[in-house]
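Peer 1:
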Amino acid sequence: MNTNQDLWVFMETNPDGTAKNVGIELLTPGRSMAEKQGGRLVAVVIGYHTDAAVEAAASHGAEQVIVVDAPEYETYTTDAYTIALCSLVKKYRPASMLIGATNHGRDLGPRVSCRLKTGLTADCTALDIDKETGNVAWTRPAFGGNLMATILCPDHRPQIGTVRPGVFKKSEPMENDAEIVREDIRVEAKDIRTQVLEVIQDMDEENVDLEGAEIIVSGGRGVGGPEGFEPVRALAKALGATVGASRAAVDSGWISHAHQVGQTGKTVGPKLYIACGISGAIQHLAGMGGSDCIIAINKDPDAPIFDVADYGIVGDLFEVLPVFTEEFKKLKM
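Taking the numbering used here, the leading residue of the sequence shown gets 1123, the next gets one more, and so forth.
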């Protein structure tokens, strides 16, 4: 496919037409990557009543926003979104496209790449433009997270990758006179092979929003067992935080995979990350290293987690956490 040098960011939308965080996050690396490619940063918004998402894309740096807004896009379906996005790509021919590695993005990306007969690099944790070739350098965990692989797509366009939520920080909104282009792409009901009958909001503890959390309290092997997460949960409750965990704790069956932070779990970037009994394996550090402030609590003074921590406490987490919890409770009184 002959292309221009534009870089696209797919802006995933909520049912109310607002933009999900991951699309706004991807505009941050997209800006520098588009400049290196010699093209524009273009946001693509597909949904229904999407004015809020369009405004968010423009205020976070998109030079152009391409909008497809119709009732059939109110709820995500593979067929409708694939038809719309492929139609746009064939018309505008971008060089590369970033998609969030959400449940919907992981469904949409492979389908679109197959339709367009191009490659897709899934679950990326770092992005750049290769200086020698000008191709996107997609970096992702490989071999169970034991090493990082950088992948190029030299022969086919557009280059497509899905990127984990939480890897990049959202920029501050700004005044920006973005070009808004509205496309009328309608999909007939017969071409949508699935139908959403009902949307049920799952409010149990497995519905863990680690990527959107501003404060995370995580437990690792040092908590010793399932009961060891009780003081972790108590501190999280006092802080209004989300409970995270290392792979070791999840693999031991002490807490569900929904709480896992790291290369094989969620990549997070909270304002505050408290690591309790976590040694600091490279796979875990890759998932939480972007936190604004890291507090580490560990009995081992040589634990690698202290190398990245802003504040470190060498001590028994079962003695430290209750003190933390009580002090934070006092602050709320």
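The C-beta atom is built at its ideal place from N, Cα and C for all residues, glycine as well. Quick caveat: nothing in here was measured; it's all calculated off a predicted structure.
Which partner residues of Val-1242 appear in the DSSP bridge assignment?
Peer 2: Correcting the residue type first, residue 1242 is Leu in the shown sequence and not Val. Looking at the DSSP assignment, Leu-1242 forms a beta bridge with Ile-1282.
Peer 1: Identify the residues that DSSP records as bridge partners of Gly-1434: which are they?
Peer 2: Listed as beta-bridge partners of Gly-1434 by DSSP are Ala-1418.
Peer 1: Do you know offhand how far Val-1303's Cα is from Asp-1373's?
Peer 2: Near 48 angstroms, if we compare the C-alpha coordinates of Asp-1373 and Val-1303.
Peer 1: For Thr-1316 and Asp-1201, which I take to be in contact (beta-carbon distance under 8 angstroms), what is that distance rounded to the nearest angstrom?
Peer 2: 7 angstroms
Peer 1: Could you tell me how far apart the beta carbons of Lys-1292 and Thr-1150 are, in whole angstroms, since I believe they sit closer than 8 angstroms?
Peer 2: 7 angstroms
Peer 1: Should the region 1205-1212 be called in touch with the region 1247-1258, which here means at least 3 C-beta pairs below 8 angstroms?
Peer 2: no
Peer 1: Let me confirm a value: Gly-1160 is counted as buried when at least 16 other C-beta atoms fall within 10 Å, else exposed. Which label applies?
Peer 2: exposed
Peer 1: Are there 16 or more other CB atoms within 10 angstroms of the CB of Thr-1197, so buried, or fewer, so exposed?
Peer 2: exposed
Peer 1: In three-state terms, what does DSSP make of Gln-1217?
Peer 2: Reading the sequence as shown, one finds Ala at residue 1217 and not Gln. In the structure shown, Ala-1217 adopts coil according to DSSP, grouped into three states.
Peer 1: Measure from the alpha carbon of Trp-1376 to the alpha carbon of each residue in Gly-1169, Gly-1399, Gly-1347, then state which is nearest.
Peer 2: Gly-1347
Peer 1: Going by other Cβ atoms of all chains shown within 10 Å of its Cβ, with 16 needed for buried, is Cys-1398 buried or exposed?
Peer 2: buried
Peer 1: Hey, out of Arg-1308, Pro-1216, Ala-1363, Ala-1380, whose CA is closest to Arg-1369's CA?
Peer 2: Per the Cα distances, Ala-1380.
Peer 1: Look at Gly-1183 and Thr-1135 and say whether their C-beta atoms are less than 8 angstroms apart.
Peer 2: no
Peer 1: Identify, in the order they occur along the chain, each residue of the same chain with its Cβ nearer than 8 angstroms to the Cβ of Ala-1217, setting aside the five sequence neighbours on each side.
Peer 2: Thr-1125, Asn-1126, Gln-1127, Asp-1128, Leu-1129, Gln-1159, Gly-1161, Arg-1279, Pro-1280, Gln-1281
Peer 1: So Leu-1067 packs on Phe-1290, CB below 8 angstroms; how close in whole Å?
Peer 2: This structure does not reach residue 1067, given that the chain is present from 1123 up to 1455, and the question cannot be answered.
Peer 1: By the 10 Å Cβ neighbour count, where 16 or more other Cβ atoms means buried, how is Gly-1362 classified, buried or exposed?
Peer 2: exposed
Peer 1: So what does DSSP say about Glu-1301, is it helix, strand or coil?
Peer 2: strand
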